[in-house]
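Student: Protein chains in written order, with the working numbering: chain U, 1 to 187; chain P, 1001 to 1187.
Just so it is clear, CB atoms sit at the ideal spot from N, CA and C, and this is done for glycine as well.
Sending over a structure as structure tokens; questions will come in a sec.
Protein chains: 2
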Amino acid sequence: MSLHFGLLGLLKICPMSGYDLKKIFDESVNFFWSAQISQIYRELKALERAGCVVSTTEASSAGPNKRIYRITESGKARLKEWLLDDTREIGEDDRNEFLMRVFLSSSIGGNELLGILRKRLAKYRNDLERLNTSESNIPKYQEKFDIESERLFWMISLRRGYHDVQSHIRWAEESIRFLEDQGYRAP
Amino acid sequence: MSLHFGLLGLLKICPMSGYDLKKIFDESVNFFWSAQISQIYRELKALERAGCVVSTTEASSAGPNKRIYRITESGKARLKEWLLDDTREIGEDDRNEFLMRVFLSSSIGGNELLGILRKRLAKYRNDLERLNTSESNIPKYQEKFDIESERLFWMISLRRGYHDVQSHIRWAEESIRFLEDQGYRAP
DNA sequence: GTAGAATATAGCACAAGTATAATAGTTCCA
DNA sequence: TGGAACTATTATACTTGTGCTATATTCTAC
């Protein structure tokens, strides 16, 4: 459902094509939601069938015709309803394949795990860079659309990204130090 | 694939039924992986078809017969292979429906968001309690199986849980303070 | 002028997880 | 003795997301 309403929320700011939405996803909400272009097109069709959006074909400034989606009043109402829905459990996916590996690492031992954690720490530091890129993209959107009313909420979401990445880094550093103190050495 | 190898990893410690595996999932790895019982049974069948486990029917101490699964040598080898597989990107799912809502909250405004964040902070504090429960469950498993060789890896995974929950709490507190400073008041 | 990159949409097979219902044995206790 | 709670497994439909392929247009660099 999140992609469904994520698209609806972005279309509330400005009418767009599926292709445009994909780009915005990759540049902004990517650190907590990603979507394949194929899924976005499929979901847009579902949104139109549900009467949440309407589409028109328009000439593109570059490339083939675009199908521009616009949010309807019904779509706006349903978005608000979803945002306030208190009955359903709202998940934060903590499913973590990497942690599953750490948990099961007795089969490979501490030396191997130490090497794996060092690589992962480098990845986390890279995630921090990507977040900075997301943040520096905001002014670019400000030029394109009127996002002044969005700004506060975007900043709060972004702060969550920083808190999370920093905690990942702290954990990896702590675990590496701990394994080293136990006498493990990466292969 | 993670559930696949998660089950295999637990079966390496001790042969068990699907029902047993579900209970262990809920009590231990739950903070980074959950599984429906229906999915566990389905996955066990797939593991057996793949030759990673074998099953036998045994009388239960209480209730109907159990189908006990045992890991095979081939299963152990494949688990190790997966743990060391360096070619595939290992995901940590940061898909976050709650954050999607925060991001799109301009439709409901800062006052509503403040109320939502307060409730979420209470949930995070509860998550901390649940982690403590997971940790205090470890000695219980130590009695049942020989998990001395697992202990180090379980502790490192658990530490990640603490780092994560604490960062969620810090973020929620910070955001609530920020909204209050901006003059927002929960409805 | 043409190859290739970027723009733009659509379709299908597959993987992984959810939700729910059906079935049935055992234990416990009112 | 009857029913609730727990133990235990199976089956099936559905949802969400991935990966890959096909198709077509327009712009840019050589």
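From the beta carbon of VAL29(U), is the nearest beta carbon of chain P less than 8 Å away?
Tutor: For the purposes of this step, residue 29(U) is identified with residue 29 of the first sequence, where counting begins at 1. With 8 Å as the cut-off, VAL29(U) counts as an interface residue toward chain P.
Student: Using the Cβ count rule (16 or more neighbours within 10 Å means buried), how would you classify LEU104(U)?
Tutor: Your numbering for residue 104(U) matches position 104 in the first sequence. Looking at its Cβ environment, which holds 16 or more other Cβ atoms inside 10 Å, LEU104(U) is buried.
Student: Residue range of the alpha helix (DSSP H) that TYR19(U) falls in?
Tutor: As a working mapping, residue 19(U) is identified with position 19 in the first sequence. Its alpha helix (DSSP H) spans residues 18 to 27.
Student: If GLU1092(P) sits next to ASN96(U), beta carbons under 8 Å apart, how far is it from one beta carbon to the other, in whole angstroms?
Tutor: Along the second sequence, read from residue 1 onward, the residue named residue 1092(P) stands at position 92. Along the first sequence, read from residue 1 onward, the residue named residue 96(U) stands at position 96. About 5 Å separates the two Cβ atoms, so the contact holds.
Student: So is LEU179(U) buried or exposed if we call it buried at 16+ other beta carbons inside 10 Å?
Tutor: As a working note, residue 179(U) is residue 179 in the first sequence. Burial call: buried.
Student: Against chain U, with Cβ distances strictly below 8 Å, would ASP1181(P) count as a contact?
Tutor: Residue 1181(P) sits at position 181 when you count from the first residue of the second sequence. Not an interface residue.
Student: Measuring CB to CB, does ILE176(U) end up less than 8 Å from LEU114(U)?
Tutor: In the first sequence, counting from the first residue as 1, residue 176(U) sits at position 176. In the first sequence, counting from the first residue as 1, residue 114(U) sits at position 114. A contact, by the Cβ cut-off of 8 Å.
Student: Mind reading off the beta-carbon distance from PHE153(U) to ILE13(U)? Whole number of angstroms is fine, and I expect it under 8 Å.
Tutor: Position 153 of the first sequence holds residue 153(U). Position 13 of the first sequence holds residue 13(U). That pair is no contact at about 11 Å.
Student: What number of angstroms, rounded off, separates the C-alpha of ASP127(U) from the C-alpha of LEU11(U)?
Tutor: Position 127 of the first sequence holds residue 127(U). Position 11 of the first sequence holds residue 11(U). Approximately 27 Å, taken between the alpha carbons.
Student: For ARG67(U) and SER17(U), which I take to be in contact (beta-carbon distance under 8 Å), what is that distance rounded to the nearest angstrom?
Tutor: The residue labelled residue 67(U) in the question sits at position 67 within the first sequence. The residue labelled residue 17(U) in the question sits at position 17 within the first sequence. About 6 Å separates the two Cβ atoms, so the contact holds.
Student: Quick check: what's the CA-CA separation for SER1060(P) versus ARG1042(P)?
Tutor: Along the second sequence, read from residue 1 onward, the residue named residue 1060(P) stands at position 60. Along the second sequence, read from residue 1 onward, the residue named residue 1042(P) stands at position 42. Computed Cα separation, rounded: 21 Å.
Student: Taking the alpha carbon of LYS1123(P) as the point to measure from, which residue in ASP1086(P), ALA1046(P) and GLU1173(P) has its own alpha carbon closest?
Tutor: On the second sequence, position 123 is the one that residue 1123(P) refers to. For LYS1123(P), the nearest C-alpha among the options comes from GLU1173(P).
Student: For the candidate residues MET1100(P), LEU1083(P) and GLY1110(P), whose alpha-carbon lies nearest to that of LEU117(U)?
Tutor: On the first sequence, residue 117(U) is found 117 positions in, with the first residue counted as 1. Residue LEU1083(P) is the option with its Cα nearest to LEU117(U).
Student: For SER167(U), go through chain P and note every residue whose CB falls closer than 8 Å to its CB, in chain order.
Tutor: If you number the first sequence from 1, residue 167(U) lands on position 167. Near SER167(U) (Cβ distances below 8 Å), the residues of chain P are HIS1163, ASP1164, GLN1166 and SER1167.
Student: I want to verify the contact list: residues of chain P whose CB lies under 9 Å from the CB of ASN132(U), in sequence order.
Tutor: Taking the first residue of the first sequence as position 1, residue 132(U) is located at position 132. Under the 9 Å cutoff, chain P gives no residues; its nearest Cβ is about 16 Å from ASN132(U).
Student: What would DSSP say about ASN96(U), mapped onto helix, strand or coil?
Tutor: Here residue 96(U) is taken as the residue at index 96 of the first sequence, counted from 1. The answer is strand: DSSP assigns ASN96(U) an E or B state.
Student: Nearest CA to the CA of ASP26(U): which residue from PRO15(U), LYS45(U), LEU44(U) and GLY6(U)?
Tutor: Walking along the first sequence from the start, residue 26(U) turns up at place 26. Checked all of PRO15(U), LYS45(U), LEU44(U) and GLY6(U); the closest Cα to ASP26(U) is GLY6(U).
Student: Tell me the rounded alpha-carbon separation between LEU140(U) and ARG1185(P).
Tutor: Taking the first residue of the first sequence as position 1, residue 140(U) is located at position 140. Taking the first residue of the second sequence as position 1, residue 1185(P) is located at position 185. The question names Leu, yet the displayed sequence has Lys at residue 140(U). Cα-Cα distance, rounded: 31 Å.
Student: If contacts are defined as beta-carbon pairs under 8 Å, then LEU99(U) and PHE1032(P) qualify, I think. What distance do you get, rounded to the angstrom?
Tutor: Position 99 of the first sequence holds residue 99(U). Position 32 of the second sequence holds residue 1032(P). Yes, LEU99(U) and PHE1032(P) are in contact; Cβ-Cβ is about 4 Å, under 8 Å.
Student: Determine the closest residue to GLY110(U) out of GLU1129(P), MET1155(P), GLU1073(P) and SER1106(P), with distance taken between C-alpha atoms.
Tutor: Here the question's residue 110(U) lines up with position 110 in the first sequence. Of the candidates GLU1129(P), MET1155(P), GLU1073(P) and SER1106(P), the one whose C-alpha sits nearest the C-alpha of GLY110(U) is MET1155(P).
Student: Against chain U, which members of the stretch 1056 to 1080 of chain P pass a CB distance test of less than 9 Å?
Tutor: Result list: LYS1076, LEU1079 and LYS1080.
Student: Give a yes or no on whether 8 Å exceeds the smallest Cβ distance from MET100(U) to chain P.
Tutor: In the first sequence, residue 100(U) corresponds to position 100, counting from 1. With 8 Å as the cut-off, MET100(U) counts as an interface residue toward chain P.
Student: Ordered along the chain, which non-local residues of its own chain (more than five positions away) have a Cβ less than 6 Å from that of ILE1147(P)?
Tutor: For the purposes of this step, residue 1147(P) is identified with residue 147 of the second sequence, where counting begins at 1. So the list reads TYR1141, once near-sequence residues are dropped.
Student: Could you give the distance in angstroms between the alpha-carbon of VAL165(U) and the alpha-carbon of SER1055(P)?
Tutor: Counting from 1 along the first sequence, the entry for residue 165(U) is found at position 165. Counting from 1 along the second sequence, the entry for residue 1055(P) is found at position 55. Cα to Cα, VAL165(U) sits roughly 42 Å from SER1055(P).
Student: List the residues that DSSP assigns as beta-bridge partners of ILE68(U).
Tutor: Taking the first residue of the first sequence as position 1, residue 68(U) is located at position 68. THR56(U).
Student: I want to verify the contact list: residues of chain U whose CB lies under 8 Å from the CB of ILE946(P), in sequence order.
Tutor: Look at the range of chain P in this structure, 1001 to 1187, and you will see that residue 946(P) is not part of it.
Student: Classify ARG1120(P) as buried or exposed, calling it buried when 16 or more other Cβ atoms lie within 10 Å of its own Cβ.
Tutor: By 1-based counting over the second sequence, the position of residue 1120(P) is 120. Its Cβ being crowded by 16 or more others within 10 Å, ARG1120(P) is buried.
Student: Along the chain, where does the alpha helix (DSSP H) that runs through GLN1039(P) open and close?
Tutor: For the purposes of this step, residue 1039(P) is taken as the residue at position 39 of the second sequence. Its alpha helix (DSSP H) spans residues 1037 to 1049.
Student: Quick one: give me the first and last residue of the alpha helix (DSSP H) that GLY91(U) is part of.
Tutor: Looking up residue 91(U) in the first sequence gives position 91. Premise fails: GLY91(U) is in no alpha helix (DSSP H) and is neither H nor E.
Student: Mind checking whether HIS1163(P) and SER167(U) have CB atoms under 8 Å apart?
Tutor: Indexing the second sequence from 1 puts residue 1163(P) at position 163. Indexing the first sequence from 1 puts residue 167(U) at position 167. Contact flag set, yes.
Student: Going by beta-carbon coordinates alone, are ARG1170(P) and TRP171(U) separated by less than 8 Å?
Tutor: As a working mapping, residue 1170(P) is identified with position 170 in the second sequence. As a working mapping, residue 171(U) is identified with position 171 in the first sequence. In this structure, TRP171(U) does not lie closer than 8 Å to ARG1170(P) by Cβ.
Student: Identify whether PHE1145(P) lies in helix, strand or coil by the three-state DSSP scheme.
Tutor: Looking up residue 1145(P) in the second sequence gives position 145. The answer is coil: DSSP assigns PHE1145(P) none of H, G, I, E or B.
Student: Can you tell me whether DSSP reads ALA1062(P) as helix, strand or coil?
Tutor: Walking along the second sequence from the start, residue 1062(P) turns up at place 62. Note: ALA1062(P) maps to coil in three-state DSSP.
Student: Quick one: which chain U residues come within Cβ less than 8 Å of ASP1094(P)?
Tutor: The count along the second sequence starts at 1 and reaches residue 1094(P) at position 94. Within chain U, the residues near ASP1094(P) are PHE31, PHE32, ASP93 and ASP164.
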